[in-house]
Structure formats: C-alpha cells, structure tokens
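As numbered in mature numbering (1 follows the signal peptide of the UniProt record, and there is no 0), residues -24 to -1, 1 to 225 make up the sequence shown, in order.
Each residue gets a CB set at the ideal place from its N, CA and C atoms; glycine is no exception.
A quick note: this is a predicted structure, and the numbers were derived from the prediction, not measured.
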Amino acid sequence: MPRPTVPHRLLTLGAACGASFALAAGAALALDADLPGSGPDTTPTATAAAAKKPAAGRGPKGPRGLRGLTGRRGPQGARGATGETGVGGAQGPAGRDAIVLQPISINWQNGQSTGRDRATFTAPGIGQGQVICSRDAQMITFRRYDQRNDVALWTAKVFDRSDGQSVFDVKRGLLTQFTGEEVNEGFNLTAGALRGDGAYRGIIASHGDRSGPGGAGPAPTAFHLTFHWRFGDQFGDRCYVAGSFTTER
C-alpha cells in the first residue's frame, strides 16, 4: 500500500479535531441546562408542577392599631319638613286655687294724717273693709256685699301696755239678718288712748246665702296687722300700721 501523502494526513487530523469540538460543545450545553440560576425552567412539566403547589397557611391576626383622630364635622344638613301635629294628651288635674295677697300700710307723722290714715282691702265674695289709724279712730271696719250672707269677723289682739304688761283679747263681730251692714273692731283697749303698740290677727268668713241650698261659701280671708301710734307727746302725732290680707281661693 502506498504511503499517504502529507495533505491527506492533515485532512484526517482536521476531521478528528472537528468531531471532538462538536462533542465538547454538546456536553457544555447539556451541563448549562442543569446548573441552578441559569434561567427559569419553562418546560411544560415545570410549569404544571408550579401551578399544583399548595399556598402557605394564613398567619394569626395581629393586634388592633391605635384609633385615628376624629375627623372634622361635616356641614349641617337641611332641616326636614315639620311633621303633623300629634293628638293632644289628656287634661291634667286642676291646680290649686290662686292666692290673693293684699299688703297694706299706713304711715304718717308730725300730725299730717290727711289722706294717709287709712288703707282699703277686699275679702273676695264677702265684702270690703278699711284699716284706720287717725287721732279719732284706730280700728278695722268691714262691710258685706250681700245682706243675705251672714259674715263673721274674728280677731285676736295682743296689746302692749305702758307698764310693760301685755293684754290678749279675742273678739267676734257678726253680721246677720238682724244686724247692720258693717262691723268694727278697735286696736285700742280704751277709747281715746294716746298710745298703742300691738299686733292683730283675724279672719273674715261667710257661709253664703242663708236662704240658698247650702254648700261651700266663699273662701275666707285671713289677716295680720301690727300697729304703733303716739298722740299728744313732744314729737308730734304719728301712726304706723303694716300687714296683709290673704285669701286662698
């Protein structure tokens, strides 16, 4: 067999080297596919496995955070329409009757009693009277409205005498069908007394028309008075009376 020439040997060596390089490149590509971090596995098998992987369990609920600040109040809305008037409630019981209070006062000095020596009062439904304190009279006088009504004037008096002793006196004045129309009760112990100090309490009452069917009459009127007078001394004549008449209807 003839000996090969040089060119033929070179060709044989080149072919062998080419085959070796191809094998090495293929092995490198195979190793690169198996190395971690070399890229995601997008094969159908890997994608299906990732879809079937169960999700991790939910952890416990954490503590509640601090409450935030209250926000600004919004604008007031429009007022709604007024509703219909409801049914009225039941009427309550009647209240107490009104109290009629009549204060009176007499105050004069230095002998100037004209126009100041008396005060007028009323006992509603019964009559009208006057409190008088002048040089000539110191008393309470009362006149009834209707002669058919019997009227009683009760008085209790405490009179302080000049010797320091006090006198207590109770009297009753009556107006009936057999009497006049007026009753008087004095503040003094004796007529023409030049000095007087004391207090007066009393009540004026009537049972109504004596010829009527009966029943409650007009409400009584109670009174309380205090008095002081001096006549004929060096300081001049003077008199003071103060008090009130009260009627609870």
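Here the alpha carbon of residue 182 sits roughly 23 Å from the alpha carbon of residue 108. Secondary structure of residue 63 (DSSP, three-state): coil. DSSP, reduced to helix, strand and coil, places residue 37 outside both helices and strands of the structure shown, so it counts as coil.
Scanning 85, 64, 40 and 71 for the CA closest to the CA of residue 207 turns up 85. Between the alpha carbons of residue 91 and residue 111 lies a distance of about 13 Å. Annotated three-state conformation of residue 77 is strand, per DSSP. Here the C-alpha atom of residue 75 lies approximately 20 Å from the C-alpha atom of residue 106. Closest option to residue 193, judged by alpha-carbon separation, among 169, 122 and 144: 122.
If you draw a 10 Å sphere on the C-beta of residue 83, you find fewer than 16 other C-beta atoms in it, and that means exposed.
In this structure, the beta-carbon distance from residue 161 to residue 149 falls below 9 Å. The straight-line gap separating the alpha-carbon atoms of residue 115 and residue 163 is approximately 5 Å. Residue 98 sits in a strand when the DSSP states are folded into three classes. For residue 89, no beta strand (DSSP E) segment is defined, and its DSSP state is neither H nor E. Considering only 153, 204, 195 and 212, the residue with the shortest C-alpha distance to residue 187 is 153.
Excluding residues up to 5 positions away in sequence, 73, 100, 101, 223, 224 and 225 lie with their Cβ nearer than 8 Å to the Cβ of residue 195 in the same chain. In this structure, 147 is the residue among 147, 39, 120 and 215 with its C-alpha nearest to the C-alpha of residue 178. Residue 157 sits in coil when the DSSP states are folded into three classes, being neither helix nor strand.
Boundaries of the beta strand (DSSP E) harbouring residue 106: 103 to 109, taken from the DSSP string. The shortest C-alpha to C-alpha distance from residue 80 to any of 201, 205, 209 and 214 is the one to 201. If you draw a 10 Å sphere on the C-beta of residue 143, you find fewer than 16 other C-beta atoms in it, and that means exposed. Ranked by Cα distance from residue 210, the options 43, 59, 87 and 70 are led by 87.
Residue 46 sits exposed, since fewer than 16 C-beta atoms from the chains shown fall within 10 Å of its C-beta. The alpha-carbon separation between residue 205 and residue 96 amounts to approximately 19 Å. Exclusion of the five residues before and after residue 126 leaves 150, 151, 152, 153, 182, 183 and 186 as the residues of its chain whose Cβ lies within less than 8 Å of its Cβ. Within the DSSP secondary-structure output, residue 173 pairs in a beta bridge with 204.
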